[in-house]
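Numbering (our numbering), first residue to last: 928 to 1223. Where a beta carbon is used, it is the ideal one built from N, C-alpha and C, also for glycine. These numbers come from a predicted model, not from an experiment. Accompanying notes for the structure given below.
What follows is the structure in structure tokens.
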């Protein structure tokens, strides 16, 4: 295993998690700084890494962002609500500042890669990692590669069928009337129930029934379209509501209704699983992106 030190950035809308580590998954050091405007945030990150002696850097960035190396906008942040970052050449500025090979992908693809390399998806070729938190996103690993195409998967914005009784809830998404994120992410839970945090609803029967139904709908769609060998379900909402996971599993089987009969679905508890990287999947995925950049 290559023992050159690798830098990692898990770039979020609220904070930037910085780390150093090795391709075997060992994390050496970590720190975090607030995500402010690029003119303040990026020089601070370059300064932090400058003295570490890293051989490469991996960046798992909030999006939307351009992840196709053939695109002239590769490594740029795109139409983010964080206006100061729109159009910003995030990858280019970090490369120029540190002069090391850099790997680049989305934050949720990075988390998916972390789980594939070091966690719940280890040894598998087809894995979907779903995060249900402030937003909903999915990292997709298919045929041993992170999925890219026109852009990157925006799986949190698939259209869901409204659960009866929830038709009048105003979808908490500025672009869609009935999307997964707008119906089931943390801000939607807060808006629907009038609480300060989604975690306050963790034991509420109505919440558990509705939330598990929407999450199961999304997962069933991913199963039909991507045929993953395992689904890793993480994010703040399921993390703080442990009663959701068994309901989601049961409702996925109800949704599929016997149409698919595979060994994976027969062992649903081992098919839909929580993350296994102790909350480090994003950082570990960024380390893996850096390791891949070293390999050329």
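Buried or exposed, going by whether 16 or more other CB atoms sit within 10 Å of the CB of residue i?
i            : result
residue 980  : exposed
residue 1166 : buried
residue 998  : exposed
residue 1208 : buried
residue 1154 : exposed
residue 1220 : buried
residue 1139 : buried
residue 996  : exposed
residue 943  : buried
residue 1152 : exposed
residue 1101 : exposed
Of the choices the options, whose alpha-carbon is the least far from that of residue i?
i            : options                : result
residue 1218 : 1181, 1031, 1139       : 1031
residue 1050 : 1141, 1156, 1009, 1208 : 1156
residue 982  : 930, 1144, 1191, 1063  : 930
residue 1041 : 985, 1107, 966         : 985
residue 1148 : 1083, 1016, 963        : 1083
residue 1085 : 1095, 1045, 1069, 1112 : 1112
residue 967  : 1012, 1004, 933, 934   : 1012
residue 964  : 1007, 977, 996         : 1007
residue 1200 : 1214, 1160, 1174       : 1160
residue 1215 : 949, 943, 942          : 949
residue 1045 : 1222, 1210, 1181       : 1210
residue 1132 : 1094, 1097, 1174       : 1174
residue 1077 : 1136, 1000, 1043       : 1000
residue 1145 : 1204, 1105, 978        : 1105
residue 978  : 1014, 1016, 1203, 933  : 933
residue 1222 : 1204, 1027, 1122       : 1027
Since residue i contacts residue j with CB under 8 Å, what's their CB separation in whole angstroms?
i            : j            : result
residue 969  : residue 1060 : With a Cβ gap of about 25 Å, residue 969 and residue 1060 do not count as contacting.
residue 937  : residue 1048 : Contact flag wrong, Cβ pair sits at about 18 Å.
residue 1114 : residue 1103 : 14 Å between Cβ atoms; not a contact.
residue 1039 : residue 1067 : 7 Å
residue 1058 : residue 1162 : 4 Å
residue 992  : residue 1004 : 5 Å
residue 1158 : residue 1069 : Not a contact, Cβ separation roughly 13 Å.
residue 1137 : residue 1095 : With a Cβ gap of about 13 Å, residue 1137 and residue 1095 do not count as contacting.
What residues in its chain sit with their C-beta under 7 Å from that of residue i, if we drop five residues either side in the sequence?
i            : result
residue 1196 : 1176
residue 1120 : 1128, 1134
residue 958  : 945, 975
residue 940  : 962, 989, 1009
residue 1178 : 1139, 1140, 1143
residue 1213 : 935, 936, 937, 985, 986, 987, 1037
residue 1080 : 1065, 1067, 1074
residue 1198 : 1157, 1158, 1191, 1192
Taking 8 Å as the limit between beta carbons, can you name the residues of its chain near residue i, skipping five residues before and five after?
i            : result
residue 1141 : 1087, 1090, 1107, 1110, 1111
residue 1073 : 1032, 1036, 1039, 1040, 1066, 1067
residue 1183 : 1147, 1150, 1192
residue 1071 : 1052
residue 1097 : 1118
residue 1181 : 1143
residue 1116 : 1122, 1125, 1128, 1134, 1138, 1164
Using a Cβ-Cβ cutoff of less than 6 Å, which residues in the same chain neighbour residue i once the five nearest sequence positions on both sides are dropped?
i            : result
residue 1019 : 1002
residue 1206 : none
residue 971  : 960
residue 1043 : 1054, 1068
residue 1118 : 1099
residue 1203 : 1046, 1047
* For the region 1178-1190 against the region 940-955, are there 3 or more C-beta pairs whose distance is under 8 Å? -> Counting Cβ pairs under 8 Å, fewer than three are found: no touch.
* Would the region 1061-1069 and the region 1168-1179 be scored as touching if the rule is three or more Cβ pairs under 8 Å? -> No, the region 1061-1069 does not touch the region 1168-1179.
* the region 1014-1026 / the region 1114-1130 touching (three or more Cβ pairs under 8 Å) -> The answer is no - the region 1114-1130 does not touch the region 1014-1026, with fewer than three Cβ pairs under 8 Å.
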